[in-house]
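Residue numbers (full-length UniProt numbering): 1 to 170.
Yeah, the Cβ is synthetic: ideal placement off N, Cα and C, and Gly gets one too.
Below is one structure; the comments refer to it alone.
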Amino acid sequence: MKVAEEYIDIGKIVNTQGNRGELRIFPLTDFPGRFLDMDTVLVELNGEKRKYTIETARLYKKFVIIKFKETPDMTAAEKLKGALLKVTREELVELPEGSYYIFDLVGINVYDPAGNSLGILEEVIHTGANDVYVVAEQGGKPVLVPALKSVVKEIDVPGRRMVVEMPEEY
């Protein structure tokens, strides 16, 4: 039995750009420059995925402007509004040691150093200074865990396990 391939969203088509078939993409990645080096990308619209060839790509303000070979004009481009740009896990930008993709952390089981379950990581909040993990038992009150090396002692993504040692003030 073949395992279904996992796709990760890296951008959303929010509008057309001009009248020559270019598209305005809102990046859903921390690496918007990645679009400048890509030849093709998977576009999902209404549940259907199709590979598109990137002719040109450039960064513009908080967007990426892309021209696909398959969108020769604004009429063709308009049909893709709302579509998601996706890549496979193998096509993700490699992260530095000790860094993780948020979608890999959400749903992971969180424990204290003694092995007691604190719950499941439900969400990651970006605060500016450091991220905060929202951890909760089913139906329980969420615990906010600062994403600091002094607090997060171990992350095992394949094992779906995280160990945290909460500071005294928590």
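task: Compare the beta carbon distance of Ile102 and Arg161 with 8 Å and say whether it is the shorter of the two.
output: Their beta carbons are not under 8 Å apart, which means Ile102 does not touch Arg161 by this criterion.
- request: Could you work out which residue in Met74, Leu92 and Val106 is closest to Arg20 when comparing CA atoms only?
  value: Across the set Met74, Leu92 and Val106, the C-alpha of Met74 shows the shortest separation from the C-alpha of Arg20.
- request: Label Gly11 either buried or exposed according to how many other C-beta atoms from any shown protein chain fall within 10 Å of its C-beta, with 16 as the threshold for buried.
  value: Buried: at least 16 other Cβ atoms inside 10 Å.
- prompt: Ordered along the chain, which non-local residues of its own chain (more than five positions away) have a Cβ less than 6 Å from that of Arg50?
  reply: Val43, listed in sequence order.
query: Would you call the CB atoms of Leu23 and Thr29 closer than 8 Å?
result: Contact flag unset, no.
query: Just the Cα atoms here: how many angstroms apart are Leu95 and Lys67?
result: Between Leu95 and Lys67, the C-alpha separation is close to 27 Å.
query: What first and last residue would you give for the beta strand (DSSP E) that runs through Leu118?
result: Following the DSSP letters along the chain, one finds Leu118 inside the beta strand (DSSP E) bounded by residues Ser117 to His126.
- prompt: In chain order, which continuous runs of the beta strand (DSSP E) of length 3 or greater are located wholly inside the stretch 133-170?
  reply: For the stretch 133-170, whole beta strand (DSSP E) runs of length 3 or above, ordered along the chain, are 143-146, 152-156 and 161-164.
message: Applying the 10 Å Cβ sphere with the 16-neighbour rule, what's the burial state of Met1?
response: No answer about Met1 holds up, because its pLDDT of 44 lies below 50 and its placement is not dependable.
field: Proximal residues to Arg89 (C-beta, below 7 Å), its chain only, five neighbours per side dropped
entry: Result list for Arg89: Glu6 and Ile8, in chain order.
- prompt: Do the CB positions of Gly82 and Leu45 come within less than 8 Å of each other?
  reply: Remark: C-beta atoms of Gly82 and Leu45 approach each other more closely than 8 Å.
message: Please list the terminal residues of the continuous alpha helix (DSSP H) segment that includes residue 175.
response: With the chain covering 1 to 170 only, the question about residue 175 has no answer from this structure.
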